[in-house]
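Student:
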Amino acid sequence: MKKGLIFGKFMPVHRGHIALIEFAAGQCDHLIVSMNCTPADPIAPALRMEWLRALFGHRKTIELVAVVDDFSDDSLPLWEATRLWSDFIRQRFPDIDGFFCSEPYGEPLSQHLGLPCIWFDPERQRVPVSATQIRQHPARYWQYIPEVVRPYFVKKICLYGSESVGKTTLAKQLAAHYETVFVQEVARDLITSNDLTPDDYVTIGHAQTQAVLDATKVANKLLICDTDLITTELYADHYLQEVPPVLYELEKQITYDRYFLLNIDVPWVADGLRDLGHRREEMYTRFKTALAQRNIDYVDVSGDWATRWAIVTGEIDRLLA
Numbered sequence: 001m002k003k004g005l006i007f008g009k010f011m012p013v014h015r016g017h018i019a020l021i022e023f024a025a026g027q028c029d030h031l032i033v034s035m036n037c038t039p040a041d042p043i044a045p046a047l048r049m050e051w052l053r054a055l056f057g058h059r060k061t062i063e064l065v066a067v068v069d070d071f072s073d074d075s076l077p078l079w080e081a082t083r084l085w086s087d088f089i090r091q092r093f094p095d096i097d098g099f100f101c102s103e104p105y106g107e108p109l110s111q112h113l114g115l116p117c118i119w120f121d122p123e124r125q126r127v128p129v130s131a132t133q134i135r136q137h138p139a140r141y142w143q144y145i146p147e148v149v150r151p152y153f154v155k156k157i158c159l160y161g162s163e164s165v166g167k168t169t170l171a172k173q174l175a176a177h178y179e180t181v182f183v184q185e186v187a188r189d190l191i192t193s194n195d196l197t198p199d200d201y202v203t204i205g206h207a208q209t210q211a212v213l214d215a216t217k218v219a220n221k222l223l224i225c226d227t228d229l230i231t232t233e234l235y236a237d238h239y240l241q242e243v244p245p246v247l248y249e250l251e252k253q254i255t256y257d258r259y260f261l262l263n264i265d266v267p268w269v270a271d272g273l274r275d276l277g278h279r280r281e282e283m284y285t286r287f288k289t290a291l292a293q294r295n296i297d298y299v300d301v302s303g304d305w306a307t308r309w310a311i312v313t314g315e316i317d318r319l320l321a
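Residue 113 in UniProt numbering sits at position 113 of the sequence shown, with consecutive numbering throughout.
1. Would you tell me roughly how many angstroms separate the C-alpha atoms of residue 182 and residue 170, rounded to the nearest one?
2. Please state the DSSP three-state secondary structure of residue 290.
3. With DSSP collapsed to three states, give me the class of residue 63.
4. Extract the residue ranges of the alpha helix (DSSP H) inside the stretch 150-215, only unbroken runs of 4 or more that lie entirely within it.
5. Exposed or buried, residue 31, counting other C-beta atoms within 10 Å across all chains shown (16 or more means buried)?
6. If you run the structure through DSSP and keep just helix, strand and coil, what is residue 76?
7. What do you get for residue 103, buried or exposed, if any count of 16 or more other CB atoms within 10 angstroms of its CB means buried?
8. Assess, as a yes-or-no matter, whether the stretch 155-166 is touched by the stretch 249-267 under the definition of 3 or more beta carbon pairs within less than 8 Å.
9. Would the beta-carbon of residue 144 fall within 8 Å of that of residue 15?
10. Which residue marks the beginning of the alpha helix (DSSP H) containing residue 18, and which one marks its end?
11. So, with DSSP's three-state summary, where would you put residue 283?
12. Which ranges would you report for the alpha helix (DSSP H) in the stretch 73-142 if only whole runs of at least 4 residues count?
13. So the candidates are 86, 84 and 92; which of them puts its Cα closest to the Cα of residue 66?
14. For residue 244, tell me which candidate among 253, 255, 194 and 229 has the shortest Cα-Cα distance.
15. Around the C-beta of residue 325, are 16 or more other C-beta atoms found within 10 angstroms, so that it is buried, or is it exposed?
16. Our contact map puts residue 250 next to residue 205 with C-beta atoms below 8 Å; I'd like the distance itself, whole angstroms only.
17. Within a Cβ cutoff of 7 Å, which residues of the same chain sit near residue 7, ignoring the five residues on either side of it in sequence?
18. Smallest Cα separation from residue 304: which of 122, 265 and 75?
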């Protein structure tokens with residue numbers, strides 16, 4: 001075959017799509033991979049095309065195309081729906097010799113187009129997964145998600161709260177338990193006292209944000225974060241009575257899938273930087289209020305170590321189910 005076509009939403013592209021594209025590329029001289037897009041797509045078209053380009057952009061015989069899907073009508077029976085698809089394909093890709101697919105629409109579309117449908121693993125025995133399954137349960141189907149796509153589906157959790165509530169210890173142990181990485185409070189590596197300037201807090205904010213973005217690329221299903229930008233803002237407000245505006249912008253760059261608010265019902269331990277042991281109730285209230293002001297749901301974590309561990313791991317296990 002000289003020119004073949006594959007089309008789909010690739011939402012996201014997964015190992016099954018990759019196998020289909022590789023199969024089709026071996027059957028024709030030139031393969032068009034057409035990605036259908038609509039304004040309602042839950043994953044942005046630009047990101048999906050970025051993934052496809054990362055996987056196949058270097059292949060000279062594979063052409064990646066994004067098309068606006070304004071021709072589909074899911075309310076129609078398959079026969080009528082594929083007739084609309086065929087009208088679009090004839091107009092947009094008039095010189096193809098056939099198309100490749102694994103879906104039931106292949107047979108009626110082939111009849112409408114008068115072109116062969118080359119089937120690939122229609123029973124999904126080689127790669128038993130769908131994009132819908134991945135969107136609904138990414139951790140369950142992690143092995144079918146390409147590395148370039150995985151950061152999108154990493155679940156990020158924030159261990160949140162005032163000083164000396166066990167965040168760092170818990171972060172390390174959770175990372176070991178779930179075989180993933182954690183992001184520590186980078187301020188610990190940048191400061192030696194709490195006598196900081198606004199520029200110092202901006203530096204911390206940028207560094208903390210970048211640390212999370214970098215760790216997301218290598219995390220295994222889950223990313224444990226020891227702190228967040230709200231915390232940086234709260235301490236800037238406490239020590240400076242002002243919050244550099246850029247911190248609020250940096251806060252928007254990271255969305256956490258679950259917040260755990262660690263209570264102060266554990267002993268306060270001095271470490272050279274901590275100096276608010278006498279104001280624990282006040283700071284705990286400020287941390288809690290900051291979440292409420294942003295309408296962020298959180299899980300309260302209190303009690304002894306075993307109880308805290310059970311609360312956090314139980315919630316994470318549900319998150320990864």
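The C-beta atom is built at its ideal place from N, Cα and C for all residues, glycine as well.
Tutor: Looking at the atomic coordinates:
1. Taking the straight line joining both Cα atoms gives about 10 Å.
2. Of the three classes helix, strand and coil, the one that applies to residue 290 here is helix, per DSSP.
3. Strand.
4. As far as the stretch 150-215 is concerned, its whole alpha helix (DSSP H) runs of at least 4 residues are 150-153, 167-177 and 187-190.
5. Buried.
6. Residue 76 falls in the coil class under three-state DSSP.
7. Label assigned to residue 103: exposed.
8. Contact between the stretch 249-267 and the stretch 155-166 is present, because at least three Cβ pairs lie under 8 Å.
9. For residue 144 and residue 15, yes; Cβs fall inside 8 Å.
10. In the DSSP assignment, residue 18 falls within the alpha helix (DSSP H) that extends over 15-25.
11. Helix.
12. Every alpha helix (DSSP H) of 4 residues or more that sits fully in the stretch 73-142 is shown, in chain order, as 78-92, 106-113 and 131-136.
13. Ranked by Cα distance from residue 66, the options 86, 84 and 92 are led by 92.
14. Comparing alpha carbon positions, the residue from 253, 255, 194 and 229 closest to residue 244 is 229.
15. Missing from the structure shown is residue 325; the chain here goes from 1 to 321 and no further.
16. Taking 8 Å as the upper bound for CB-CB distance, residue 250 and residue 205 are in contact here, some 5 Å apart.
17. Excluding positions up to five away in sequence, the list reads 34 and 36.
18. With respect to the C-alpha of residue 304, the residue from 122, 265 and 75 having the closest C-alpha is 265.
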